[in-house]
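Worksheet: the structure to be examined is printed underneath.
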Amino acid sequence: MLIVFGLNKFLQFMPMGEMSEAAGNYFGALMSTKTMALVAVVEILAGLSLLLNKYGALMMVILMSISINAVMFHAFLAPEGIPLALVLIVLNVVMLFGYKDKYKDLLNG
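For what it's worth, my numbering labels the leading residue of the sequence shown as 6, then goes sequentially.
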């Protein structure tokens with residue numbers, strides 16, 4: 006899922022549906038500042054890290070910011086896409102719990 010959606014941001018092989026004006030403005034701002042390219046790279050790297058079982062714990066922490074942003078975007082600007090965003094964040098949380106042993110030193114403070 007991560008690799009496909011990350012590659013889609015570059016190759017645009019899946020059509021994008023109609024957006025409200027507010028959602029279009031927000032998405033346009035992300036595109037014009039190249040933020041979506043960064044999101045795409047992070048999604049692709051996170052997908053690859055999970056497939057290769059390398060740096061998965063790190064990528065899940067980084068991906069959480071993208072997951073939260075996706076849920077908030079769809080909750081407030083484009084509600085028709087909320088199911089997929091919720092699947093992304095639930096899977097991200099499950100993976101974070103799967104890597105919880107890797108975070109012990111970080112959270113012991």
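All C-beta atoms in this analysis are idealised placements derived from N, C-alpha and C, irrespective of residue type, glycine included.
As the structure is a prediction and not an experimental result, all values here were calculated from the model.
Please classify Asn58: does DSSP put it in a helix, a strand, or coil? coil
For the ligand SAH, I want to know if Glu85 counts as a neighbour, meaning its beta carbon is within less than 7 Å of at least one of the ligand's heavy atoms. Among the components of this structure there are no ligands whatsoever, and the ligand SAH is therefore not found.
State the Cα-Cα distance for the pair Gly61 and Thr38, rounded to the nearest angstrom. 27 Å
Would a C-beta distance cut-off of 8 Å place Ser70 and Ile94 closer than the cut-off? no
Could you name each continuous alpha helix (DSSP H) segment of 4 residues or more that falls completely within the stretch 45-113, going from the start of the chain to the end? 61-81, 87-103 and 109-113
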